[in-house]
Structure formats: C-alpha cells, structure tokens
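Here the structure comes first, spelled out in structure tokens, and everything after it is commentary.
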Amino acid sequence: MRCSEYLFATLKENPSDAEVISHQLMLRAGMIRKLAAGIYNYLPLGLRSLRKVEQIVREEMNRAGALELLMPMVVPADLWQESGRWQEYGKELLRFKDRKEGEFCLGPTHEEVITDVVRRDVRSYRQLPLNLYQIQTKFRDEIRPRFGLMRGREFIMKDAYSFDLDQDGADRAYEKMYQAYRRIFQRCGLKFRAVEADTGAIGGTSSHEFMVLAESGEDAIVSCSQCDYAANVEKAELKITGESTPPPMAELAKVLTPARKTIEEVAEFLGLETGRLVKTLIVETDTGEVLAVLLRGDRDLNTVKLTRLLGCAWVEMAGEETVVRMTGAPSGFAGPVGLKLKIFADCEVALLADFVTGANEKDVHFTGVNLGRDVQVDTFADLRQAEAGDPCPRCHGSLEIWRGIEVGHVFKLGTKYSKALGATVLDDQGGERPLIMGCYGIGVGRTLAAAIEQNHDQHGIIFPMAIAPFQIMVTLVNPKDSQVVEAGEVLYRELRELGVEVLLDDRDERPGSKFKDADLVGIPLRMTIGARNLEQRQVELQERRSGERELLPLAGAAAEAAARIRSALKAME
Ligand SMILES: [Zn+2]
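Here our numbering is used: the first residue of the sequence shown is 34, the next is one more, and so on.
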C-alpha cells in the first residue's frame, strides 16, 4: 500500500475529548473516528489491526473445536421475555419497535438466541459437546460511554457458548476455552493474567477474567511471580505467616505524643517501625453499626473483605463526629484498650506483642499493648489489602501488583438459560436433561485498545507485530530524488513478493513529519531510504520499540526485514 493512495489521516494535536491514551492515539493515528457518543467508524488503518485480532481469535477458537456461526444483531423481544431478562436488564438494553409494533432489542449478548438455536436442532447427547461462537457487533446503551473503544456503546465481540450433557463435560469445555484464551492473548503479543473472578461455593473456579496488564487499567490485580495464581486485589487471599501470639514483655504505659496523629508521625516520634504500631479504624456500615478494626500500622484495610465478612452492603470510615463520640478523642488517637465497640482484627495483629495504639485521649498513645491482657478482640479475619511481596497463597512465590484491563471472560453458566428456554437433550437412558452451558467473551476492539494502553511511548503506538496494521513502513526521505524512488520501488516490490505487509511512504512531505507519523502509527519496523545512504548502497532499518537503527546493504535488505518479521511473529506463538 502507498501512503499517497491511502487514507492516512494522522492528527498533530491531541483530541480534547479523549481521556485515555489508547483513545487519543487511535484518533491521532487515524484508526478510528467518532460518529456519535460511544459509536465509531473504523478507518482503513484501524480496521486492519482489528481484523488481525479477529483472525487470531477465530483461528484459536477453531483450533479448540468451536464452530463459527453468525447471529443477528436485532433480536425479537419474546426470547428475552422467555429468559426474564427483558424486564431485568436495565436501560443498557436498547429496545425498539418495528413498523408492525413488534418489539425488538439490539443484542448486547446472545445467550437467549444461541439457546434458541440449540433447542431447535440439538436433541440428543450424541450431538454434544458443542461450542458455537460468533464475532459480531453488539450494542449496550452505556449511560457514559467513554475511553474510545474501551467503553463504547457499539462494540465488536467474540462470544462463544458451550453446551454439554454433564458437569464433567462442561468443565472440559471451560478448560479448553481457558487455554484457547491464553493462546489468543499470547499471540496478540500482550502481557496478561487470567484472574479468578469468583470462587463459588460449588467448588472450583467458575469464572476467570483475562486482564491485559497496563498502568492505566481500571482494576488492581495481584499475581504470583512463580505460579498461575492471580486475583483482583479486593479478592486476593492472603497466607497467614507466623505461629502464634508472643507473650507480653512490657507493661501497658501511656506516652505523650503531642500532635502526632498519623501512624508515620507516631512511629517516627517513638523511634519504631510502623509495623510495630496497630491502627484502630472506626468504621460505619450501611445499617448504621459502628465498629473498630485493628490492622498492623503498615497495612491498609480491604473494605471489600470487611463488607463480605459483615454481610452488609457497604462500609466507610466513620466521620470525625462519630469518632469523637465513640472514642472520646479526635481521630488519630483511637485505640482498642477500653473501647466500647465490637473489635475486628486482621489476622496479622494476632502475631504482635507489646505494640503501640492510640489511647482514646488527645495527644496520648499506649505502648506495651497486648492482646488478651489489654484488648479483647471479637473476631480475627483476613482484612487487609494485599501488597507487593506478600507470599502467594498457592505456592512459595510472592505476589506482584499490577493494573489490568479486562479483555476476556470465561464463565460457567450452568442451566440458567437452558432451563428458562427449555433447551434439553435426551441422554443415553432416554431421559431429558437441560444442557449445561458456559459462555466465553472477548472484546475485540477492547483488546486492540488495551494493546495500545500496554504498548506505547511519548511518540505514539508501538504495535506488537501480530496486530500491527502493517509490518514495515518504507519511508522515502525525498520522493523527488529519482534514485531514492527507484530503490524504494524495488524494495517495495521485493517485500510484497516475500509476503510482507508493507506501507510505502511516498508522500511529498518533510522527512521529519513522515518520521513523526511513522512513530505515531507504530508500525514495528521502518526502512528509511535516503540519498546519502544510497551512495553506499545502504538503507537504514529501525525498530519502533527499541529505536535501534542499523544500516543494511540494499541488496538483501528486503529478505533481512522479512526474516525479522517472521521471527517476531514466531516468538509470539
Ligand atoms: Zn504462587
């Protein structure tokens, strides 16, 4: 492809309404254009990358034995009424009527339609297992669409649905999809983790979210440096290390701590590590209950764990007025000794002796505080936030903290839809059984956006080879120089003959602005053809990611570039 004949629509300025980097860069690189809130045009350059992600998804789904089909985007209401979701689903479901007053919606997901497909044509266990998928445009009427393809209203998704006779079969289908997803994101060249989204009481994990690691991710996740364990920070289980409470050595004593309110200030004043202090948080629940939570001074409360433990809707730090009323002191001096509140303590506190707490008195702390003797804890539980370096709950590795963008989800659905819609099969005894389903989604556009969130620098996108719109850009420094044009044309032809996806920048523009565009669009390799190097029969090859440049002999430059592209692709498999 030649830039002069291509819709090469780069922007110099940052679009004012783009908040996240992938949105900014996709607009600036000329990959997408907004048509309405949360609705985008995919320009030729953007579509090339999108199709590559789709193709990787398709190949891996097919390899896992799933069958592609295509369901309509417009779905009649009666199917959604059968499942009960017509009423349950909020305004995200775009409902409308046709000219005959028939009710329809735009499918945000296709469980009902696929269950209908299967109940019509699958009647016997002999037709199982079955996994059907589509790559289709979906619509969800988000109240605040933003972040470009990250949270659009119209978006392209791969959704797959598995159907099995029994739980073992359903578990195998799930495992196959889990492995296929790992291959998909690996082949896209992404750093990712599969995070346990829900460990149900049924036993085993019933859901995983696939997260692309990026600083801008909306979810904080922990993952083990040694094994596959990964979880949302809120859900991360913590291994309790240490034996039992050491015996008290010190007497309980009051110390003056004038104007020292924070853990850091008190620790510094007393010449202690923050981990030798215990903080007392006064917490209020949605039902108006007030309680105290003890944590080691260097730890943070995980409110999700506390909320789950209490079985309430939410918890929050009590306001100053409540703290004063309950402790008799301004905040910063609360402590468990003599406190008339229910006391919850993080398990780690049980391993401490002779610690420091507030004394429920302004400018005063206690030293030599000990559990049992001075403080009665009502409940010990895992209540703290996981931190980098914490031991892995599954192995001897340690936890790392990342931020992640959810790009895929595998989920054991069970019989919710098959029962609601009457999708049953006959088993080998002739008995009728509801199908056991799983559902598996990948946001295709979202994966592309997440790839950019993970792979960019101040100059623009740095595409992984497998999903780059083109593999190499050949830049003619001066397209008016006949020798440059001639060498460029030869290389362009040779590269195409070698099966390389090449974009020839033959535009009559300043070299500086062409180099800027090449960096912005993020094509992995750039070959620069300039008059000076040509005198030595050489061209320059530059890698977008490392910025490294080298001179290659003109003869054989195309073959060398093609070899590097092949090996980059191979490394991602
Ligand atoms: Zn581990």
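Positions of the beta carbon are idealized from the N, C-alpha and C atoms, including for glycine.
In its chain, beyond the 5 residues on either side, I296, A300, G330, D331 have a beta carbon closer than 6 Å to the beta carbon of T307. The bridge partners DSSP lists for V337 come to none. If the five residues before and after L404 are omitted, its C-beta is found closer than 7 Å to the C-beta atoms of T278, A383, V410, all from its own chain and listed in chain order.
Pairing T313 with L327 gives a Cβ-Cβ distance under 8 Å.
About 6 Å separates the Cβ atoms of V477 and K191, confirming a contact at the 8 Å cut-off. For C425, the distance from the CB to the nearest heavy atom of ligand 1 is below 7 Å. In the same chain as A419, and ignoring 5 residues on each side of it, the C-beta atoms closer than 7 Å to its own belong to V255, V266, A269, L271, L432, in chain order.
About 6 Å separates the CB atoms of R540 and S37; that is less than 8 Å, so the two are in contact.
Taking non-hydrogen atoms of ligand 1 into account, the C-beta of G430 is found less than 7 Å away from one of them. According to DSSP, residue pairing for A264 in a beta bridge involves E229, V255. Per the coordinates, the alpha-carbon of V518 lies some 14 Å from the alpha-carbon of P544. In this structure, L44 and L76 do not form a Cβ contact; the two beta carbons are roughly 12 Å apart against a cut-off of 8 Å. Straight-line measurement puts the Cα of A588 at about 49 Å from the Cα of A69. Residue burial annotation: I72 is exposed, with fewer than 16 other C-beta atoms found within 10 angstroms of its C-beta. Taking every protein chain shown into account, the CB of C221 has 16 or more other CB atoms within 10 angstroms, so this residue is buried. Between the alpha carbons of A62 and E542 lies a distance of about 17 Å. When the Cα atoms are used, P48 and V245 turn out to be separated by approximately 25 Å.
Distances taken from the Cβ of Q212 to the heavy atoms of ligand 1 include none shorter than 7 Å. Assigned with DSSP and collapsed to three states, R177 falls in coil, not helix or strand.
Judged by the Cβ position, Q259 qualifies as a neighbour of ligand 1 at the 7 Å threshold, a heavy atom of the ligand being closer than this.
Here DSSP, grouped into helix, strand and coil, assigns C380 to helix.
Distances from the CA of F243 to each of I500, H492, T480, R559 were compared; the closest alpha carbon is that of T480.
In its chain, beyond the 5 residues on either side, A378, C380, A383 have a beta carbon closer than 7 Å to the beta carbon of F413. Counting C-beta atoms within 10 angstroms of its own C-beta, H429 has fewer than 16 neighbours from the protein chains shown and is therefore classed as exposed.
In the same chain as I189, and ignoring 5 residues on each side of it, the C-beta atoms closer than 6 Å to its own belong to T170, V477, G478, in chain order. The DSSP assignment places 311-318, 323-329 as complete runs of the beta strand (DSSP E) inside the region 305-338, in order along the chain (cut-off: 3 residues).
In this structure, Y262 has its CB closer than 7 Å to one or more heavy atoms of ligand 1. In the structure shown, R81 falls within a helical segment according to DSSP collapsed to helix, strand and coil. Secondary structure of Y39 (DSSP, three-state): coil. For V507, the secondary structure class from DSSP, reduced to helix, strand or coil, is strand. Of all alpha-carbon atoms in Y525, L468, R466, I500, the one lying nearest the alpha-carbon of A482 is that of I500.
If you check the CB distance, A203 and I469 come in under 8 Å. Residue environment: E46 is assigned as exposed (fewer than 16 neighbouring CB atoms within 10 Å of its CB, all protein chains considered).
Counting only runs of at least 3 residues, the region 340-405 fully encloses the following beta strand (DSSP E) elements, listed from N- to C-terminal order: 348-350, 376-379, 388-391, 397-402.
Here DSSP, grouped into helix, strand and coil, assigns R597 to helix.
As the crow flies, the alpha-carbon of A230 is around 50 Å from that of L585.
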